Structures are given as C-alpha cells and as structure tokens.
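Below is one structure, written out as structure tokens; comments come after it.
Chains as they are written, first to last, in the working numbering: chain A, 1 to 329; chain B, 330 to 634; chain C, 635 to 970.
Put into structure tokens, the structure is as follows:
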C-alpha cells in the first residue's frame with residue numbers, strides 16, 4: 001500500500017483577478033522508503049501541491065481531491081487536530097529558505113525540543129539527548145554547544161541542517177524536501193543533498209524531493225514526476241525518463257542540461273510558463289513545444305501511460321504518429 | 330539619428346500620458362478603499378464650508394442674540410429652526426460659529442504643514458546631502474525637540490511668544506518639523522547611493538539641481554502621507570491649545586476655544602459642549618481616513634490583495 | 635546588549651544638555667525683563683535692579699551663567715517657584731506620583747485591551763471584528779481627548795452619576811501619603827471604602843488618557859502580527875504540528891512584540907501630552923495641570939524647571955523601554 005496517495009489534487013487561489021488554479025488534478029503515489037523527485041519550473045505547482053498535503057496553505061486556497069490519503073488515513077476528512085498529529089511526526093517538510101524558516105527569537109535547542117515535546121512522551125533529559133543526537137546526525141559539529149545558539153548566528157547550510165534535524169526528530173515516514181538546496185551556496189548544496197540521501201538510507205523514510213534541477217534528480221531519485229503549469233506531464237522511473245523522455249517538455253529540459261550540451265549554445269525553451277491570465281487553449285505546453293500540431297491547440301491531452309501528451313515521444317525522441325481519431329474522447 | 334520634431338512631440342506627450350496613467354492607477358487603488366473616499370468627500374464638504382463660510386453660515390459668528398441665550402438644538406423642546414444647533418451662553422449661533430471655525434481649522438492645518446514641510450524638506454535634504462558637522466548638529470537639535478512631548482513643547486513656545494492663533498501655529502509647526510526632517514534625511518541618504526544620482530553628478534549637475542530634481546521627487550510619497558496625518562494632528566493640537574486657553578483667544582470661533590468656553594455648561598447645555606468637539610472629531614477622522622487611503626494607494630508593497 | 639545600551643546613553647547626554655539649553659534660554663526669550671520676572675517684581679529702583687542682577691548672576695558672561703545654571707541643575711537645584719517660593723523640585727515630586735499613577739493605569743489599560751484586540755484582528759483578517767476594530771481605533775486616535783473627557787463626564791458623572799467629576803479621592807478620606815499612589819496609600823491606610831473611592835476617581839481619567847494609546851497599540855499590533863504571520867518561520871511552526879494558539883501566541887507574537895514594544899515606548903510622549911489635557915479636565919493634581927497653571931500664573935521658574943524635569947523623566951522612561959527592547963530582540967541581546 002502506498003504511503004501517500006493523491007488523486008486529482010487541485011488547489012485554487014482566490015485572487016483579485018478571479019480564481020487561479022495553481023495545481024490541476026495532480027495524482028501521485030509514494031511508497032514507503034521510496035525517493036520520488038517532483039520537477040518543474042516555478043509556476044509548476046510542485047511546492048503548492050505538497051504544501052496542500054501538509055495543510056500549510058493560506059486561507060485563500062481551496063484544496064480539493066478525489067483522494068488524499070496518508071498511511072491509509074483520509075486527510076481530506078480528518079479534523080484539524082488529527083492532521084496536526086500527523087504533521088511533524090509521520091509526515092514532515094523542509095523548506096527552501098532555511099535562514100528565514102527558523103524562528104529568530106528562540107534557540108535552536110528550543111525549536112527542536114518543541115517538536116519532540118509535541119509528538120513524543122520523552123522526558124526533558126531524554127529530549128535533550130535526542131536533540132544532541134539529531135544535531136550529530138545532520139553533521140553539526142559540537143552539537144551540545146550549538147543547542148543554545150540563535151538562528152541568526154548560523155550560516156545557510158547550518159540552518160538547513162538544523163531544519164532537517166528538527167523535522168526528522170520524530171522519525172517521520174515521509175519527508176518532503178521543497179527545494180532544500182536552492183538558496184544555498186553551490187558547495188553546500190551537494191553536502192545537504194548527500195545528507196538527505198544518507199538519512200533516507202539510515203531511517204528508511206520516504207523522500208519527496210521537490211526541485212527544478214534535473215541533475216539532482218538523476219543522482220538521487222528513483223522515480224520522477226515532471227510538472228508544468230500546475231499539471232503533471234510525465235511520471236516515470238528515473239532511468240527510463242532520462243534514457244527516453246516521452247513528453248516534449250521533459251525532452252527540452254534534459255536537452256538544456258549543460259552535461260548534455262552539444263555544440264556551442266545551450267538550447268533553451270522559448271517562451272515562458274503561462275501565468276494566471278494567459279492560459280493557452282488545449283495543451284498548456286503547446287505554444288513552446290517544438291512538436292506541436294493542430295490538435296494540441298484544440299484539446300487538452302489526458303494523462304495516460306505516465307505522460308500527458310497527444311503525441312508522446314518514442315525511443316528515438318520523435319513524436320509518435322497517430323491518427324487524430326485514435327485519440328480518444 | 331537626431332530626433333525629428335514630430336518625435337520630440339510624441340516624447341513629451343508620452344510622458345504626459347505616463348503621468349495620466351499613473352494618476353489613473355493611483356485613483357483606482359485609492360477608490361477601492363471606501364472609507365478613504367468617504368473621508369475625502371467629507372473633507373471636500375468641509376473645504377467648501379470653510380471657503381464659503383461667509384455665504385453658507387446663517388449668521389456672523391460674533392452676532393449675539395440676547396433673547397436666545399443657551400437655546401437648545403432645533404429638535405429639542407425650546408429649540409427653533411432659526412438656530413439649528415442651538416446657541417451658546419452669550420446667544421451666538423453655534424452652527425455659524427462651527428462653519429467659521431472650519432475655516433480656521435483648515436487654515437491652521439495648511440499653515441502648519443507648509444511651515445513644517447518646507448523647513449523639514451530643506452533641512453532634511455541638506456542634512457543628507459552635506460553630511461558632516463552640519464548634519465550631526467541638526468539631528469541633535471531635532472532630537473531635543475523630539476525629546477520633549479509635543480504639547481508641552483508647544484505650550485512652552487506659546488508661553489514665550491504669547492497666546493494667540495498665529496503663535497500657536499508657529500509653535501505646533503516647530504514640533505512637527507523634526508518628523509519631516511528625519512523622513513527626508515533618511516530618504517536622501519538612501520537615494521544618494523543610487524546610480525542615477527551618481528550619473529547625474531558625473532554629468533555635471535549642480536548640487537541644488539540634483540537635490541531638487543533627482544532626490545526630492547522620490548521622497549514625495551512618504552512625505553505626502555506624513556503631511557496628511559500631520560494635518561489632522563495640527564488641527565487637534567491647535568484645538569488643544571485653544572482649549573487650554575493658549576491658542577486662539579475668545580471670541581474667535583476656533584473649535585477648541587469654543588470648548589473651553591463651554592466647560593461649565595456640561596450639565597446645563599450639552600449642545601454647547603458636544604458640537605464643537607464633534608466637528609473636530611469628524612474632520613480629523615475624515616483626514617485620517619484619507620491619509621490611510623493615500624498610504625495604501627502610494628505604497629507598492631500593499632498593492633497585492 | 636551592553637554596547638546597545640551604552641549607545642543609547644551616549645545619545646542621551648547631548649539631548650539632555652540641549653534641553654537644559656532650551657530651558658536656560660527660555661527665560662531670556664520671554665517678553666519682559668528676565669531679572670524682574672525672576673524676582674517677581676514690577677518696577678524697581680535702579681539700585682535694587684543692579685542688586686537683583688548681581689544676585690541672579692546676570693552681570694556675568696552668558697557662558698558662565700549657563701555653566702552656573704547647569705551645575706545647579708545637576709545638584710538638584712531648579713530654583714524656587716515665583717508663586718509659592720518653594721523649591722521647584724519639591725513641587726514636582728509632590729505632584730509627580732499623581733501623574734505616574736494615572737499614566738501607569740492608562741498604559742496598562744491600553745495594552746490589556748489593545749494588544750489582544752490587535753492580535754485577534756490580525757488572525758481574523760478581513761472579518762467584521764477586524765474592520766470594526768480598525769474603525770474604532772481610527773476614531774480613537776482622531777479623538778480630541780479633552781472633548782472626550784467632557785463627554786464622558788457629562789454621561790457618566792452627570793446623567794448616570796456613576797463616577798465622580800474631579801479629584802483623586804472623595805474629600806471625606808484623609809490619610810498619610812506613603813507612596814504618593816492614592817490606590818496603594820488607600821489600601822495601606824486601612825480605611826473602609828478608601829480604596830474603592832480611589833479607584834472610582836481613577837476610572838474616567840484612565841479611560842480618557844488610555845484612548846489614544848489603546849487605539850495606536852491595537853492598530854500597530856495588528857499590523858505587526860499580519861507581517862509576522864506571513865513569515866516562513868510561522869509556516870515552519872505549523873509544519874511541526876503545533877496548535878494554533880501556540881503558533882500565534884508564541885511563535886508569531888514573540889516576534890511581533892519587538893515592534894509593539896517600540897510602539898508602546900512611543901506612546902510615552904503621547905501620554906504626557908494627554909496627561910496635560912486629562913488633568914486639566916478632571917482637576918487631577920499632577921504635573922500636567924501644574925505646568926498649565928504655572929504658565930497662566932507666569933510662574934516661569936516652574937515652567938523652566940518643569941520642562942527639564944519632565945523631559946528628563948520621559949528620557950529615562952524611554953531608556954527603560956529601549957532596554958526592554960534590547961532584551962526582547964534576540965539579535966541585540968546576544969550580539970549587539
């Protein structure tokens with residue numbers, strides 16, 4: 001049974017210009033112990049969908065789904081109190097900006113102790129021991145001394161380690177990492193990623209890694225979900241996706257990786273991700289797609305066989321030819 | 330390629346269009362705030378009343394009606410429509426005095442703002458630009474003025490200058506100046522580091538020109554908001570001084586002075602006490618509503634819902 | 635932290651000196667001859683005038699006069715009142731507790747009501763409570779409090795008869811002054827009904843004086859909370875599964891408090907201005923009324939001395955507030 005099970009997750013925001021659909025019918029399963037990467041540009045809805053699962057969206061957001069279950073428990077009908085028992089304990093999340101994600105008024109030790117006090121029955125002394133243990137696990141030197149430190153005294157990398165320590169404190173079964181390294185120095189990025197992967201191996205927890213960096217995906221994930229403008233466009237095992245991407249967007253993103261560059265110029269994808277006011281008709285990607293055909297601007301493709309495309313790419317990277325009538329109603 | 334005359338015309342027309350567009354955008358945000366619009370309407374009414382006081386008010390403010398002393402408002406027993414809001418202890422029509430008082434209050438606000446704003450801008454920009462001992466000395470003087478609570482400072486100044494509306498205005502303006510100086514200096518310090526200022530200086534722009542054309546426009550938005558809120562504070566402070574007997578002197582129909590004369594009648598004639606204070610409250614409230622609306626419309630950070 | 639406080643102290647010194655300068659110059663700027671003013675006499679013979687001039691030090695150079703004035707101040711000599719001939723400091727400290735008591739009650743009321751109201755308004759943003767609170771607080775700080783006081787007297791003392799009109803306690807009580815705080819002294823005296831009478835007399839003046847600070851504190855708390863509630867660390871707190879009361883009341887509020895403490899500090903000056911007006915209306919025997927009366931009586935020695943004393947008191951309170959701010963703000967407490 002999957003640990004996290006989402007079907008048709010949709011998130012709509014009430015804005016001054018009307019309702020904005022940031023997440024459009026995302027479906028995803030994460031099995032226990034699995035590492036799944038969720039990839040996309042900004043505006044793809046990757047963060048919002050996970051924030052919706054955690055219940056961390058502002059009140060202007062409307063979350064709907066045909067199924068949103070964690071460990072068999074229905075999150076949609078769960079009471080706020082029940083959800084708060086799950087969040088931070090069995091399901092945890094770390095965020096992109098560690099420097100602002102820690103409360104500046106309290107020590108690091110206080111903030112870690114807090115989550116232990118909320119979800120466990122450990123005594124004060126036991127909590128302290130566990131806090132020191134956690135700080136050690138995430139690679140913070142002299143952990144006892146560091147417990148008394150305030151967040152503004154920490155560097156970006158250290159802050160993120162503290163965040164990770166805080167969020168794995170109660171041994172969650174699923175850790176969602178929302179672009180954990182984007183705001184950090186390049187040298188630190190690799191360290192943090194390595195830390196996450198090591199922790200995953202050690203604890204056996206599932207890891208949902210949200211990122212826009214395909215290179216990171218290649219190194220760490222087992223399965224990938226590619227999202228574009230709020231929709232999922234391709235969900236495949238990593239090796240298959242990298243060997244033979246089926247959605248033109250995925251193909252374009254891979255082609256833009258420096259490691260794959262041929263020739264003098266890096267290929268880029270022309271155009272921009274559609275915002276609230278300029279959603280295209282039919283397939284959302286078609287204005288930027290190198291293989292777009294007439295049908296693509298008329299009808300939105302369904303998500304079939306792990307890809308949302310009327311003419312998915314074959315092994316050689318070219319769109320398969322199909323008669324228009326084949327493409328079902 | 331040099332600019333053809335038709336191109337120059339379109340350039341100036343383009344800047345005029347840009348200004349109109351900015352104004353329209355400003356109005357769009359401002360009008361979203363119903364309270365601010367209501368405040369603005371009320372202020373316009375007050376301005377009209379103030380400007381046209383001689384024609385709108387039923388009587389002259391000093392005219393005494395000996396037969397109608399302490400007459401209640403027209404809806405109460407004993408009142409008449411001749412004196413809509415009643416009369417005061419020496420038979421003067423309260424409504425007329427309130428309308429003429431509006432003129433005084435607005436006058437006070439304008440003078441105080443003009444005085445403190447100009448001195449504040451001059452001192453603030455020069456302080457931020459010239460720096461050095463001049464800046465240090467100036468800011469310390471401002472600190473001294475700010476260290477003393479404003480009403481107390483105004484009282485002391487009026488004690489020196491003598492009671493009266495003009496002196497009250499000067500005293501209040503002195504207590505407001507430091508706020509404008511601080512604001513302008515802070516903005517000047519921030520703007521001076523910007524590239525366009527350095528570019529202008531390199532191009533050979535003189536200091537005064539630089540201060541006036543480059544720095545000043547960028548200070549305007551917070552200054553306007555502060556000026557609006559100071560306008561209402563000025564009216565309150567002038568009324569307070571009038572109430573204490575140090576501002577406008579009787580028989581001037583200043584709202585605060587009217588309240589001072591009305592004190593002993595709180596048990597006998599509630600209308601003599603209530604209406605002048607109500608006039609102050611509504612006017613200050615309206616101006617503050619407008620000021621809030623101005624701040625929200627001018628501050629880009631607040632523009633998102 | 636130490637450095638922070640030392641910096642604030644360093645700023646205090648020139649400001650205080652500046653105020654003494656203003657006070658020193660004050661008497662010499664008044665209309666009329668300063669020597670005659672200080673002596674309290676009208677027309678004098680030339681010999682007496684010369685004698686007075688020598689007595690008050692006016693024959694010395696200006697700088698020396700200022701130095702003499704300053705050193706007297708620092709020794710606690712602010713001169714004597716023209717009217718009562720008593721030392722200004724004595725008169726000040728006789729009346730200061732009355733203002734202090736009123737101000738303390740007022741700021742307490744302002745915080746007890748304003749702070750929670752602002753928090754609730756921020757949490758329930760856009761609700762009826764939020765709009766209502768914003769409207770009421772706007773009316774609050776647009777209020778001419780001298781009129782507001784008269785209105786309340788009309789209603790509660792006049793029509794309803796619930797509260798007294800003036801003074802600090804009913805005239806039938808008479809006991810020794812221990813602290814100068816009528817409430818405490820009434821309790822200490824043990825007289826029946828004295829404490830309740832003192833409280834009764836405090837109600838209206840406190841409400842009037844607290845009106846503007848309450849409105850401003852409510853507004854600024856709401857504004858600070860709104861900003862804090864949208865910060866990342868509040869989201870982290872929620873992500874830990876903490877309950878809403880803890881998230882808002884501890885994680886959010888603790889940060890918002892940093893701004894709010896500054897706001898409360900700024901209200902000190904407002905309180906003094908308000909005290910001047912409130913004491914006038916309620917005949918409250920504090921330093922506000924004392925200053926106004928002295929200006930009218932041309933007791934300029936009092937005005938001059940009162941100015942310096944009140945300003946010094948305000949600066950001291952501001953220093954305490956700065957200290958509190960330094961304690962609350964972790965960045966200053968642990969590195970500043």
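In this text, a Cβ means the ideal position worked out from N, Cα and C, and glycines have one as well. Just so we're clear, the structure is a prediction, and the values are computed from it rather than from any experiment.
- In this structure, residue 49 (chain A) sits near residue 26 (chain A), with a CB-CB distance shorter than 7 Å.
- With respect to the C-alpha of residue 833 (chain C), the residue from C:658, C:705, C:800 and C:718 having the closest C-alpha is C:800.
- By the Cβ criterion, the region 902 to 920 of chain C is not in contact with the region 748 to 765 of chain C, since fewer than three pairs of Cβ atoms, one from each stretch, lie closer than 8 Å.
- For residue 100 (chain A), the secondary structure class from DSSP, reduced to helix, strand or coil, is helix.
- Here residue 635 (chain C) has 960, 966, 967 and 970 as same chain residues with Cβ atoms under 7 Å from its own Cβ, once five neighbours each way along the sequence are excluded.
- Contacts with chain C (Cβ-Cβ distance below 7 Å) from the region 145 to 159 of chain A involve 150 and 152, listed in chain order.
- Cβ-Cβ distances below 6 Å link residue 419 (chain B) to 393 in the same chain, with the five nearest sequence neighbours on each side left out; the list follows chain order.
- Under the three-state reduction of DSSP output, residue 857 (chain C) falls in the helix class.
- Residue 20 (chain A) has A:13 as its beta-bridge partners, per DSSP.
- Counting along the chain, the unbroken alpha helix (DSSP H) around residue 160 (chain A) starts and ends at 156 to 168.
- Going by C-alpha positions, residue 232 (chain A) is about 16 Å away from residue 280 (chain A).
- Spatial neighbours of residue 500 (chain B) in its own chain (CB-CB distance under 6 Å, excluding positions within 5 residues in sequence) are listed in chain order as 483, 486 and 487.
- Counting along the chain, the unbroken beta strand (DSSP E) around residue 228 (chain A) starts and ends at 223 to 228.
- In this structure, DSSP gives residue 28 (chain A) an extended state, which the three-state scheme calls strand.
- Nearest C-alpha to residue 237 (chain A) among A:164, A:64 and A:305: A:305.
- By the Cβ-count criterion, residue 808 (chain C) is exposed, with fewer than 16 other Cβ atoms from all chains shown falling within 10 Å of its own Cβ.
- A Cβ-Cβ contact shorter than 7 Å links residue 513 (chain B) with residue 453 (chain B).
- Contact with chain C is found for residue 97 (chain A), since one of that chain's Cβ atoms lies less than 7 Å from the residue's Cβ.
- Residue 320 (chain A): not part of any beta strand (DSSP E); DSSP gives it neither H nor E.
- By DSSP's assignment, residue 231 (chain A) forms a beta bridge with A:228.
- Residue contact check for residue 485 (chain B) against chain C: a CB pair falls below 7 Å.
- Not flagged as an interface residue toward chain B: residue 713 (chain C), since no C-beta distance is shorter than 7 Å.
- Residue 159 (chain A) is not a Cβ neighbour of residue 116 (chain A), given a cutoff of 7 Å.
- Within the region 74 to 87 of chain A, those residues whose Cβ lies closer than 9 Å to any Cβ of chain C are, in chain order, 80, 81, 83, 84, 85, 86 and 87.
- 7 Å or more divides the Cβ of residue 296 (chain A) from the Cβ of residue 248 (chain A).
- Taking a contact as a CB-CB distance under 8 Å, the pair residue 227 (chain A) and residue 77 (chain A) does not count as one, their CB atoms being some 26 Å apart.
- At the C-beta level, residue 888 (chain C) and residue 755 (chain C) stay beyond 7 Å of one another.
- Considered as a whole, the region 908 to 941 of chain C harbours 921 to 930 as its complete alpha helix (DSSP H) runs of no fewer than 4 residues, in chain order.
- In the structure shown, the three-state DSSP call for residue 790 (chain C) is helix.
- A check of alpha carbon separations from residue 405 (chain B) across B:506, B:615, B:372 and B:598 identifies B:598 as the nearest.
- Here the alpha carbon of residue 271 (chain A) sits roughly 25 Å from the alpha carbon of residue 316 (chain A).
- Annotated three-state conformation of residue 94 (chain A) is strand, per DSSP.
- Secondary structure in the region 818 to 906 of chain C: the alpha helix (DSSP H) runs of 4 residues or longer, each lying completely within the stretch, are 828 to 863 and 866 to 873 in chain order.
- The DSSP-derived three-state label of residue 416 (chain B) is strand.
- The region 930 to 937 of chain C makes contact with the region 713 to 723 of chain C: 3 or more CB pairs, one atom from each, lie closer than 8 Å.
- Between the alpha carbons of residue 811 (chain C) and residue 805 (chain C) lies a distance of about 15 Å.
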